[in-house]
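The sequence shown stops at residue 595 when you use the working numbering, and every number in between is there. From the three backbone atoms N, C-alpha and C, an ideal C-beta is built for every residue, glycine too.
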Amino acid sequence: MSAIPHPTAPHRPPGSAPHCTGGRRFLLLAGAYWNCGHKWQVRATVLAMVLLTMAQVGLAIWISYWHRDLFDALEARALDDLVHLVAIFVLIFALTMGVTALHLHVKRRIQLDWRRWLTDLLLEHWLAHGHLYKLQFTSGEHDNPDGRIAEDIRIATEVAVALAHSLLFALLILGSFIDILLSVSGTALLPGTSIAVPGFMVLAAFVYAGAGAVLGLMLGRPLIRATNRLQTVEANLRFGLARAREHAEPIALMHGEPHERREAARLFDDVGRGWNRQTLAYLGIVSFSTGYGTLLPVFPILIAAPQYIAGAMTLGVLMQAAQAFQRLTTALSWPIDNLGELARCRASVDRVASLYEDMLALERKEARGRGARQIAVCASLHPELEVRKLRLQTPSGEVLLDDFDLRVRRGERILICGDPAVTVTLFKAAAGLWPWGRGEIRLPAGRDLMFVPRQPFLPAGSLRMVLSYPQDADLHTDASLHRALECAGIAWLTPRLDAHEDWGRELPLRMQQRLGLARVFLHQPGWIFIEEATDSLAPKEELDTMELLHHELPSSTLLVISRRARQNHFFDRRLMLQRVRAPAAHDAQPAAGLSAEA
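Structure (structure tokens):
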């Protein structure tokens, strides 16, 4: 059962655009968040993180000069200076702890808020206008949308904020410690020449970091593709296991466990292959990074040692130069050090953005195609259902029904039977879930509609909530809930209204269908569309249900799709729909087999 929202033009938030790749996708997601509804709060929080990052850099500069004074004091054996430096260190230590803690709080607040905003944005599109259903038949890269929303958004936002902070920190460190290194490293002669190189350690830092970046990029190039592939197969494994859990009962009844084990093993084999590819991609970059990091603390001391031995610098200056060299090369090595996280973030951003873009493309297609190359579902100005020149097609283009017209007035009872592929697709088209085809479906004014599928959706929660779905349970009194259960023939469930169960597993299909019909008695809509929701009932039970619908909702219109094609006094008309025998080659197409009986 579902209430169908009024067709509207697709919402297109700031930053939405046709398909794009790479960094532009990230900028679209970040730019839309930067200009969201609570943008001033977002900007204030980002500004706070930037200021705290600057404070972290300031403390790093302070500690650099503190180290210089410490080693000079040790070299001079100045005890008084050492005591004074200890007191300063206590202050630096306290400030570092406070700034780091506050920065962590602000950073995690941004990560959570961005994730919440982006999750709400995607859910707004995915859980609207039947997109979660239509997306299954739409081309594009949007497999496992639930995993993309739950997991990939988390990775994209958390890692992106962490990378943005570390990049800003690296850039500030780069600017600050170049100046420090220039001032302390002095001038050195190139070996074997008389050429003086001022600030030689700065040049050495750029050469060291540049060589590391080039080699690291060459060795880490396969990592992005391997990470993207691994995340895809991991999502496939999660989806496969979740699907087995959701269909546990039919799998157990059919003894399908061996098949499911084989399928799970196949999915895990894909994960294993993806993992091994990523491992091979990691081997080169990790081995290189280990050697690069091991040499880093030693290299600046070795190249500055001649200056110290010659008396051109003190021990404190030597240690400050070595520390500044490490800081500078670390900042310059940011792309290499974060290659793995960049790959992970890029893969998740691409997965989130492709899902978002495909949903926007679906909305744009719906907006352009109404009345032309898609079935148009719109509101009628009159209290009647009208179908005009309807063609139903499969997503691949096969015609199921063509040139179909129908007018249903308020209060009519109509039985629709025939080929299930046609009747069920007609039900979905009226509900706005099947755009493939052409023609027009005008739903009655007021849109007081209820669609009752063959197997109703039973959400987790109390029976009271399940029965009231999709409305709030507090809107209905106990008396109305009891009456609805009684009319549906399941009054024995009344004492369990507040019980929390997995009702989809607790109740057999017949009882689930009765619960779906109980919703009809509870909500009392003006127009009721039933899709084979009474077929599992015994003939007498089905007739009693119809009589109760007539008695309890005498002015409601009822359209029932059934495979039984039984004629009885309850219905005013019966429509027999058959599939088009040959695919249509031109616009002029013979109508599907159709008969109507009064």
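Which residue's Cα is closest to the Cα of residue i: the options?
{"i": "LEU574", "options": "ALA488, VAL419 and ASP117", "result": "VAL419"}
{"i": "ILE558", "options": "ARG151, LEU440 and GLU539", "result": "GLU539"}
{"i": "GLY288", "options": "HIS126, GLY209, ASN141 and LEU382", "result": "GLY209"}
{"i": "HIS126", "options": "LEU109, ALA364, LEU171 and ALA41", "result": "ALA364"}
{"i": "ASP399", "options": "GLU437, ASP445 and GLU409", "result": "GLU437"}
{"i": "GLY408", "options": "ALA319, TRP500, ALA485 and PHE567", "result": "PHE567"}
{"i": "ALA321", "options": "CYS33, TRP63 and PRO505", "result": "TRP63"}
{"i": "LEU165", "options": "ARG385, LEU250, PRO332 and LEU478", "result": "PRO332"}
{"i": "ALA27", "options": "VAL83, THR229, TRP114 and LEU101", "result": "TRP114"}
{"i": "ALA206", "options": "THR326, PRO492 and SER286", "result": "THR326"}
{"i": "GLY290", "options": "GLY337, LYS104, LEU44 and SER330", "result": "SER330"}
{"i": "MET462", "options": "THR491, GLY337 and LEU88", "result": "THR491"}
{"i": "GLU121", "options": "GLU360, LEU160 and GLY237", "result": "GLU360"}
{"i": "ILE146", "options": "HIS256, ILE60, ASN32 and MET356", "result": "MET356"}
{"i": "VAL211", "options": "PHE285, HIS548, THR474 and GLU155", "result": "PHE285"}
{"i": "GLY501", "options": "LEU494, GLN509 and ASP495", "result": "GLN509"}
{"i": "PHE197", "options": "SER173, MET215, ARG406 and LEU178", "result": "LEU178"}
{"i": "LEU572", "options": "HIS497, THR97, LEU129 and LEU423", "result": "LEU423"}
{"i": "THR42", "options": "LEU88, LEU109, VAL54 and LEU25", "result": "LEU109"}
{"i": "PHE401", "options": "GLU395, HIS379, THR391 and ARG385", "result": "ARG385"}
{"i": "SER351", "options": "LEU88, ASN141 and LEU56", "result": "ASN141"}
{"i": "LEU129", "options": "TRP489, LEU430 and ARG570", "result": "LEU430"}
{"i": "GLU260", "options": "LEU234, ARG493, ARG65 and HIS547", "result": "LEU234"}
{"i": "TRP489", "options": "ARG511, HIS473 and ILE60", "result": "ARG511"}
{"i": "ARG406", "options": "THR391, ASP569, ARG258 and LEU455", "result": "ASP569"}
{"i": "ASP149", "options": "ILE175, ALA167 and THR116", "result": "THR116"}
One question on the structure: do residue i and residue j come within less than 8 Å of each other, judged by their Cβ atoms?
{"i": "ILE668", "j": "LEU220", "result": "Outside the displayed range of the chain (-2 to 595) lies residue 668, so it cannot be described from this structure."}
{"i": "ARG634", "j": "ARG435", "result": "What the structure shows of the chain is the stretch from -2 to 595, and residue 634 is not part of that stretch, so it cannot be assessed."}
{"i": "ILE525", "j": "LEU482", "result": "no"}
{"i": "GLY523", "j": "PRO453", "result": "no"}
{"i": "ALA278", "j": "ALA232", "result": "no"}
{"i": "ALA530", "j": "ARG451", "result": "yes"}
{"i": "MET310", "j": "VAL181", "result": "yes"}
{"i": "SER393", "j": "ARG439", "result": "no"}
{"i": "LEU79", "j": "ALA91", "result": "no"}
{"i": "PHE518", "j": "ALA485", "result": "yes"}
{"i": "GLU72", "j": "GLY313", "result": "yes"}
{"i": "PHE305", "j": "LEU119", "result": "One detail in the question is off: residue 305 reads as Tyr in this sequence, not Phe. Not in contact: TYR305 and LEU119 (Cβ atoms no closer than 8 Å)."}
{"i": "VAL346", "j": "PHE23", "result": "yes"}
{"i": "ARG348", "j": "GLN228", "result": "yes"}
{"i": "ASP499", "j": "ALA535", "result": "no"}
{"i": "LEU160", "j": "ASN273", "result": "no"}
{"i": "ALA201", "j": "ILE300", "result": "yes"}
{"i": "ARG560", "j": "CYS414", "result": "yes"}
{"i": "PHE236", "j": "GLY144", "result": "yes"}
{"i": "LEU49", "j": "HIS100", "result": "yes"}
{"i": "LEU382", "j": "PRO432", "result": "no"}
{"i": "THR154", "j": "ARG106", "result": "no"}
{"i": "GLY271", "j": "ARG226", "result": "yes"}
{"i": "VAL96", "j": "ALA52", "result": "yes"}
Over the uninterrupted alpha helix (DSSP H) stretch that includes residue i, give me the two end residues.
{"i": "PHE236", "result": "220 to 243"}
{"i": "ILE601", "result": "Only positions -2 to 595 of the chain appear in the structure, and residue 601 is not among them; the question remains open."}
{"i": "ALA405", "result": "Contrary to the premise, residue 405 reads as Val rather than Ala in this sequence. It is not in any alpha helix (DSSP H) - VAL405 instead sits in the beta strand (DSSP E) that spans 396 to 406."}
{"i": "GLN599", "result": "Not covered by the structure: residue 599. The range shown for the chain is -2 to 595."}
{"i": "ALA476", "result": "475 to 484"}
{"i": "TRP331", "result": "331 to 334"}
Answer with yes or no whether the minimum CB distance from residue i to chain D is below 8 Å.
{"i": "CYS484", "result": "Absent from the structure: chain D. Only one protein chain is present."}
May I ask you to list the residues that DSSP assigns as paired with residue i?
{"i": "GLU414", "result": "One detail in the question is off: residue 414 reads as Cys in this sequence, not Glu. DSSP lists MET573 as partners of CYS414."}
{"i": "MET543", "result": "None; MET543 has no bridge partner."}
{"i": "LEU389", "result": "LEU398 and GLY434"}
{"i": "VAL384", "result": "LEU403 and ILE438"}
{"i": "GLU538", "result": "Looking at the DSSP assignment, GLU538 forms no beta bridge with any residue, so it has no partner."}
{"i": "HIS497", "result": "SER459"}
Ends of the beta strand (DSSP E) at residue i?
{"i": "GLY513", "result": "First-last for GLY513: 506 to 520, but that is the alpha helix (DSSP H), not the beta strand (DSSP E)."}
{"i": "CYS375", "result": "373 to 376"}
Q: Jot down the residue ranges of each uninterrupted alpha helix (DSSP H) in the segment 97 to 163, minimum 4 residues, whole runs only, in chain order.
A: Counting whole runs of 4 or more residues, the segment 97 to 163 contains the alpha helix (DSSP H) stretches 128 to 131.
Q. What are the start and end residues of each continuous alpha helix (DSSP H) run of 4 or more residues lying completely inside the segment 259 to 316, in chain order?
A. Segments of the alpha helix (DSSP H) lying fully in the segment 259 to 316: 296 to 306.
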